[in-house]
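Residue numbers (the working numbering): 946 to 1885. Idealized CB from N, CA, C, for every residue including glycine. Comments concern the structure below.
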Amino acid sequence: MSLHVYSPLRLLAIGLLFHLIFIVSVFDCYFRSPVRHGMQQHVLPLAQAKRLVLIVADGLRADLLFQKNGFNLPQGPDIVAPHIRAIVENRGAFGVSHTRVPTESRPGHVAIIGGMYEDISAVTKGWKTNPIDFDSVFNQSRSTFSFGSPDILPMFDRGAVPGKVNTFMYHEDDEDFTKDATALDTWVMDQLSELFRNASFDDALNRQLRSDKVVFFMHLLGLDTTGHSYRPFSEEYMRNVQVVDSIVQRTEAAFAAFYGADADKTSYVFTADHGMSFIGNHGDGHPDCTRTPLVLWGAGIRGPLPDSVPESSHDAYSHSWELETLYRRDVEQADLAPLMATLLGINWPVNSAGVLPETDPDKPSFLLPLGGNETLARAALVNARVLLENYVVSHELKRRHTLFFKPFSALETGETRRDTMLQKTEHLISVGDYDAARRTARQLIELTVEGTRYLLTYERFLIRAIAIAAYTGWAAYAALYIWKPNLRSLVVDRVARTIFGLILVSHWAVFALQKSPWTYYVYVVFPCYFWHQFATLGGPSLADLRWDQLRVLPLALRIVSIVAVLLSMVAGYTHRTIWSIGFAVIGVIWPLVSWSTETCQKMGVYNLLWPLVCAVNGIFPLLDVNKTENLPAMWTGGLSHGSRIFTATATIKSSPSSLGLLIVASMVVTTASVRSLQAKLGLPLWSQVSGWLVLASSTLIPFLSPVFHNNPTIKTLMYFLGFGPAFVLLSISVEGLFYAAFAAMLLMWVEVESARRIVASVEEKVPSGTINGRTAISNHGVPLRYVFRWDDLRMSLFFLFFVQVGFFGTGNVASISSFYLAPVYRLIPVFNPFFMAALLIFKIVVPYVILSLTFAALNHRLGLPPFSLFTVALSVTSGMTLTFFFKVSDTGSWLEIGQSISFFCITSLLLLWSAGVCVAGEFLMADVFVTRSIPDSKKE
């Protein structure tokens, strides 16, 4: 059998596929969607209102709506939304609606209108489509009239009965981040007014509007757009809140004018899909993103209640609102769908996971029902039936397709058996004991929620076990490249084939009987393949190893050190100071501990420059992540690039004047764009066009330059200078300085490691015919065989550290949503998620281009085959990735859930990205390496 396991490209390809597949495994393990088909519908027939108005202020924080003078502006009003506050104080109920991650517009609206927490893996399929089917309040209404954004409204029209959901949308080009976003909200109000005017001469429309079970949905996008552009505590955001408050008041007036005496049969629900962090972002599960306002008033809804004493409904979060005399009732976001269905007397969405607040008799209800406590008890019973329907369908499906199925005993046996609990609730209602009926229904609901979760996580142990076997197997398999055992036994090969073949086939057979997802079949392939290869190639060598001559203590110390480094990088995801400590270790402790006198002499000026440049890079992770646009900082970054152009004149054969002009142009364009946008004058067309021209031309220069470079350092310098203008255009503060410092450190790293290796080869008295202490077979000077040294492991860990720092270096934490959108508005003022994301990704990529070039140069300078050091790194990173796999959680605070998911995905993707870095570096440096390997006589 011929196995080319030692091919680095083969190893990289398998590693890429493995890590991509096991990113999917997290969603199979932690975030599987419940069954959405084959369910009965349930309804509470007694309607509390004829129509319902749902107003969603996209991106509105609860504290900035309710708090007095929450913006702390000199001329700001004491109460920013006087009409909504008057409703809270005089005729409505209020509280906080808690959202779930990811706090984006699509999942927020699905939770509000569908009552369903959408599977978080849906983000990988695009929020604008329906990756899973869901029912909604709109679909169950008689008619729905929705006004607002083309990003939200269409998804509730798909699958609905034709003509039931009527949508009125502005054009997506109107979502301009550089203009006054309040126009988007006033457009919605104008369309509602026009609808009522049209009904005056359209009899069919008039009858439709005046029928029962009608929903009006007003999606107000302005606050989200304003918050992204100016941040939530800005005067612009405050003005937008005032506009929203005015729209709520005008909406009530419009309904009163159109419906007359019948207007009092209208229910109003005011809330938000998500909040917004201090820096104007959302999506990461930050507490400011998950707390949204909730105000209800109108038909079927109670008025304000005094707060309970001594157990107040308020906490430190709402203390400054000065509403502590009124009762605050919080809900989960999905609880709003059953509440709206109850108000209208329509079928509850079949996939609703919400819990009606009225099921708890010990807390004040939102409803003031026509039927009194009996209606509340029957609503609780309907809620229990809806949730139980989800459980029953999932239970039966799991029972039919799972071998040795173990049911959720709490709902299947004993006094809490589901049928028994339903009958008990019905009996209590029939005898008039409504509070007891609500308590029983509440108990059944809680057990049903627990049982549904039990079914969703039923196979979690299996996936975790496969993940452990796969990641440890990958580490063993990658180690074969370093170890390179030469012994091979046909007997061991046959035994390993038989054992792992049986394991694979038996798992596939079980998956087939259980009708498991196709991904399960793929998951189990990897550990079987990895361990088969290790047993076949590594088993004989392990058996032949002279264990009595093994130096156990040094080996154990090295293993402990590797684990400590990896765990430190894991901790760096939540404690940014770890990265600064890492720079101190690399820049100071490492030279003091391991550099000999001969090494220091060989280093020359790098003895001083290396600690200095590491110290400078160590500053950036300590900076505050809440940055604002800082033109002096951006200018400093541009000047640092410009100064490098003049110092490079002596080494680059071509004149760098074109790059110098582009640096100046990028600073001029950026300054003009920032000042114009901050002055609310919009984005000048000339600066937008000039920005794109500078971005395109400066980026293409390194790739299209006809100048010949036969030195890796010079070519790396050309790419650094070429991307300088682009980085200035996309900076908000000190990113340009980070880019310059990071590139300088990487260039010095190549020189430092090369000098150390030369000294080490001399000290070890390496014989002639070897390359830097390695026996090698070469072709034009390029080594083909790799011989492992422990120092390579250290360099590989350095590389992994630099990969992480390239992502976190400028203060980005927790998730990609921490990246700022402000620079993007200077090039794309109109909302376009694809191109905006592309620009952000480009900004992330630029430092890695320099890392790819320097890492490829380091491999070549040390006489190593391509990808050698990275392959060494691959063998030790499984522990880091597996640690984050087990840290993923779908419980706890939404911030914890969001961080746990993003940490694992970031780690896995950065490892994949590292492979791309290596491939890109070898590709970009290929002409330099080939040229340098040709003898001078042939060049002549």
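CB-CB length for residue i against residue j, believed under 8 Å
i	j	result
residue 1820	residue 1863	14 Å between Cβ atoms; not a contact.
residue 1314	residue 1033	Actually they do not touch by this definition, with Cβ atoms about 21 Å apart.
residue 1381	residue 1392	Not quite, the Cβ-Cβ distance comes to about 17 Å (not below 8 Å), so this is no contact.
residue 1166	residue 1228	Incorrect: roughly 16 Å between the Cβ atoms, too far for contact.
residue 1416	residue 1823	4 Å
residue 1042	residue 1278	5 Å
residue 1674	residue 1615	6 Å
residue 970	residue 1408	6 Å
residue 1468	residue 1413	Between residue 1413 and residue 1468 the Cβ distance is about 12 Å, and since that is not below 8 Å, they are no contact.
residue 1168	residue 1189	7 Å
Residue interval of the beta strand (DSSP E) (run including residue i)
i	result
residue 1159	1159-1165
residue 1145	No beta strand (DSSP E) holds residue 1145; DSSP gives it neither H nor E.
residue 996	996-1002
residue 1043	1037-1043
residue 1238	1236-1243
residue 1112	1110-1114
Run of the alpha helix (DSSP H) containing residue i, from where it starts to where it stops
i	result
residue 1353	Segment: none, residue 1353 is in no alpha helix (DSSP H) and carries neither H nor E.
residue 1285	1281-1289
residue 1525	1522-1529
residue 1213	Premise fails: residue 1213 lies in the beta strand (DSSP E), 1211-1216, not in any alpha helix (DSSP H).
residue 1046	That residue, residue 1046, is in no alpha helix (DSSP H); it is neither H nor E in DSSP.
Closest residue to residue i among the options (Cα-Cα distance)
i	options	result
residue 1644	1630, 960, 1607	1607
residue 1680	1574, 1657, 1175, 1621	1574
residue 1750	1517, 1154, 1582, 1772	1517
residue 1038	1046, 1044, 1029	1029
residue 1834	1335, 1085, 1405, 1310	1405
residue 1800	1850, 1694, 1830, 1770	1694
residue 1057	1666, 1283, 1634	1283
residue 1533	1556, 1475, 1541	1556
residue 1170	1213, 1119, 1138, 1214	1119
residue 1307	1270, 1342, 1258	1258
residue 1519	1845, 1585, 1388	1845
residue 1470	1479, 1482, 1445, 1458	1445
residue 1687	1794, 1848, 1622	1794
residue 1830	1816, 1848, 995	1848
residue 1335	958, 1666, 1560, 1401	1401
residue 1633	1503, 1775, 1744	1775
residue 1273	1421, 1291, 1252	1252
With 16 other Cβ atoms within 10 Å as the buried cut-off, status of residue i
i	result
residue 1245	buried
residue 1631	exposed
residue 1242	buried
residue 1725	For residue 1725, the predicted structure reports a pLDDT of 39, less than 50, and the residue's modelled location is therefore unreliable. A value from the coordinates is still provided. Answer is exposed; the Cβ neighbour count stays below 16.
residue 1264	exposed
residue 990	exposed
residue 1346	exposed
residue 1641	exposed
residue 1321	buried
residue 1618	buried
residue 1160	buried
residue 1069	Low per-residue confidence applies at residue 1069: pLDDT is 49, beneath 50, and the placement is therefore not dependable, though the value from the model is reported in the following sentence. Under this definition residue 1069 is an exposed residue.
residue 956	buried
residue 1780	exposed
residue 1729	Note that residue 1729 has pLDDT 44, beneath the 50 cutoff, so the model's placement of it is unreliable and no number is given.
residue 1595	Any reading at residue 1595 must be qualified, since the residue scores a pLDDT of 49, below 50, and its modelled position is unreliable; the value itself is stated next. Exposed is the call here.
residue 993	buried
residue 1000	buried
residue 1868	exposed
residue 1760	Annotation note: pLDDT 33 at residue 1760 (below 50); position unreliable, coordinate value reported separately. Per the 10 Å Cβ criterion, buried.
residue 1878	For residue 1878, the pLDDT reaches just 47, beneath the cut-off of 50, and the residue's location in the model is therefore unreliable, leaving the point undetermined.
residue 1611	buried
residue 1866	buried
residue 1280	buried
residue 1344	exposed
Test: residue i CB closer than 8 Å to a CB of chain D
i	result
residue 1682	This model lacks chain D altogether, as it is built from one protein chain only.
*Starting from the N-terminal side, write out each stretch of the beta strand (DSSP E) that is 3 residues or longer and does not extend beyond the segment 1075-1099.*
Within the segment 1075-1099, complete beta strand (DSSP E) segments of at least 3 residues are found at 1088-1093, given in chain order.
Review point. For the segment 1761-1826, which segments carrying the alpha helix (DSSP H) assignment without a break, of at least 4 residues, lie completely within its bounds, in sequence order?
Key: Listed in chain order, they are 1767-1770, 1778-1806, 1813-1819.
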